[in-house]
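What follows is a set of notes on a single structure, which appears directly below.
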Amino acid sequence: MVPELSDSPPTQNALLQNRARAALAGLRNCTFCGLRCGVDRLAGRPAACLLGAETWCFKTYVSYAEDLDLVPALRVYLAGCSFRCRFCNTAPDCLAPRIGRKVEPAVLAVEWLEWLGAGGRSIHLLGGEPSLHVHTILQLAAAAGRPLPLVLDTNAYMSYQVLELLTDVVSVYVADFKFGNDRCAERLARVCGYVEQVTGSLLRMAMQSNVRVRHLLLPGHVECCFRPVVDWLSRHLPGVRFRLLTSYVPEWRAASDPVIGRLNGRAEVAAALEHLAASNLDWSTDIDGWREA
55 MVPELSDSPP TQNALLQNRA RAALAGLRNC TFCGLRCGVD RLAGRPAACL
105 LGAETWCFKT YVSYAEDLDL VPALRVYLAG CSFRCRFCNT APDCLAPRIG
155 RKVEPAVLAV EWLEWLGAGG RSIHLLGGEP SLHVHTILQL AAAAGRPLPL
205 VLDTNAYMSY QVLELLTDVV SVYVADFKFG NDRCAERLAR VCGYVEQVTG
255 SLLRMAMQSN VRVRHLLLPG HVECCFRPVV DWLSRHLPGV RFRLLTSYVP
305 EWRAASDPVI GRLNGRAEVA AALEHLAASN LDWSTDIDGW REA
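Following this line, the structure appears as structure tokens:
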């Protein structure tokens, strides 16, 4: 459950401010994601994610299409991403570093508090990859002056430093475990060392917060990606809340891809559901009528 709003002790606010300063300092040699490019984002040099120090929001809306304990949710999309997924459904907007509205933490925090006071349940940070803006997230949390019910929608490729900075700040992590091996991650998202980075992050998320995992079933990737993802979660995070997304549509650069440039076939979906039913995960799917018994 997302925590109720309550006043934070001054020491907690001071802690958030200290963390925000530490995160800003980390931008001088940025290693906030598994790419570890080491670029000085404070100097205005674009990192591998193309981001500098500024945070821009390219889309915001209220959603009821979330888990019931999180709605109504304010979905806030922050620009910039560490991945270049061929099938991304928010590209190219999410990849542009300066699109939409520049985030001013003191202003946005007030808007969030007003929305929560009017009956909002959670604030859902998405992207792109919102963890690349850990400095801004901490500034927002400090400016709010009280705990915020933050949900971080993430590719889980963030560094462990980021997770440490966000301890007791993020209420729920919604992690997309996209690939079951490094080769597919390199070909489809242009990232290296994927499995080690993501699995390590997932274990740390589970120790510090509520974590929920999703997997988008890709055509031609049942054996190489879906099965290894489910098997790893079953071994290391048994009982974790897991959602299988089967309604894949080839978007952006996926339409011309020889493997993922099509919809999932019936046999692929059936095989995935059969394997999932034998797992020990708290699972659900986006198919009506299919739920864990």
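Heads up: the sequence shown at position 225 corresponds to 279 in the numbering used here, and the numbers run straight through without jumps.
The beta carbon of each residue, even a glycine, is placed where N, CA and C say it ideally should be.
State the DSSP-derived secondary structure class of residue i, mapped to helix, strand or coil.
i: Ala172; result: coil
i: Ala229; result: strand
i: Trp337; result: strand
i: Ala150; result: coil
i: Asp207; result: strand
i: His290; result: helix
i: Cys135; result: coil
i: Phe280; result: helix
i: Tyr214; result: helix
i: Arg99; result: coil
i: Tyr248; result: helix
i: Arg320; result: helix
i: Leu78; result: helix
i: Cys111; result: strand
i: His178; result: strand
i: Glu346; result: Bear in mind that the predicted position of Glu346 carries a pLDDT of just 41, short of 50, making it too unreliable to give a figure here.
Can you have a look at residue i and say buried or exposed, based on whether 16 or more other CB atoms are within 10 angstroms of its CB?
i: Tyr227; result: buried
i: Lys156; result: exposed
i: Gly98; result: exposed
i: Leu122; result: exposed
i: Ala347; result: Any reading at Ala347 must be qualified, since the residue scores a pLDDT of 33, below 50, and its modelled position is unreliable; no value is offered.
i: Gly92; result: exposed
i: Arg237; result: exposed
i: Asn334; result: exposed
i: Pro312; result: exposed
i: Pro100; result: exposed
i: Arg345; result: Note that Arg345 has pLDDT 44, beneath the 50 cutoff, so the model's placement of it is unreliable and the number below is only indicative. The residue in question, Arg345, is exposed, as its Cβ has fewer than 16 Cβ neighbours within 10 Å.
i: Arg289; result: exposed
i: Tyr302; result: buried
i: Met261; result: exposed
i: Val216; result: buried
Between residue i and residue j, what straight-line distance do the alpha-carbon atoms span, to the nearest angstrom?
i: Gln66; j: Ser225; result: 15 Å
i: Ser338; j: Val252; result: 21 Å
i: Asn318; j: Ile177; result: 32 Å
i: Leu220; j: Ala145; result: 26 Å
i: Thr190; j: Leu299; result: 30 Å
i: Leu167; j: Asn264; result: 22 Å
i: Ala68; j: Arg241; result: 43 Å
i: Arg281; j: Ala309; result: 24 Å
i: Glu183; j: Glu108; result: 14 Å
i: Cys135; j: Glu328; result: 33 Å
i: Ser117; j: Val130; result: 10 Å
i: Ala74; j: Glu218; result: 12 Å
i: Tyr214; j: Ala239; result: 20 Å
i: Gly343; j: Glu120; result: With a pLDDT of 48 at Gly343, under the threshold of 50, the modelled position of this residue cannot be trusted, and the question is left open.
i: Ala243; j: Arg95; result: 22 Å
i: Cys142; j: Ala102; result: 17 Å
Since residue i contacts residue j with CB under 8 Å, what's their CB separation in whole angstroms?
i: Leu291; j: Leu256; result: 7 Å
i: Leu104; j: Pro159; result: About 21 Å separates the two Cβ atoms, so there is no contact after all.
i: Tyr211; j: Cys87; result: 5 Å
i: Gly106; j: Cys148; result: Rounded, the Cβ-Cβ distance is 16 Å, inconsistent with contact.
i: Ala197; j: Ala172; result: Actually they are not in contact, since the Cβ atoms of Ala197 and Ala172 sit about 19 Å apart, beyond 8 Å.
i: Val276; j: Ala326; result: 6 Å
i: Val223; j: Leu192; result: 7 Å
i: Val323; j: Phe296; result: So it is not a contact: roughly 16 Å between Cβ atoms.
i: Asp207; j: Leu179; result: 6 Å
Can you find a CB in chain D that lies within less than 8 Å of the CB of residue i?
i: Thr144; result: Going by chain labels, chain D is absent from the structure shown, which holds only one protein chain.
Taking a contact to mean a Cβ-Cβ separation below 8 Å, would you say residue i touches residue j in this structure?
i: Gly234; j: Val283; result: yes
i: Gly391; j: Trp110; result: The question about residue 391 has no answer, for the chain in this structure spans 55 to 347.
i: Gly174; j: Leu124; result: no
i: Gly293; j: Asp340; result: no
i: Lys232; j: Leu186; result: no
i: Phe112; j: Asn209; result: no
i: Ala77; j: Val188; result: yes
i: Trp306; j: Arg82; result: no
i: Val245; j: Leu89; result: yes
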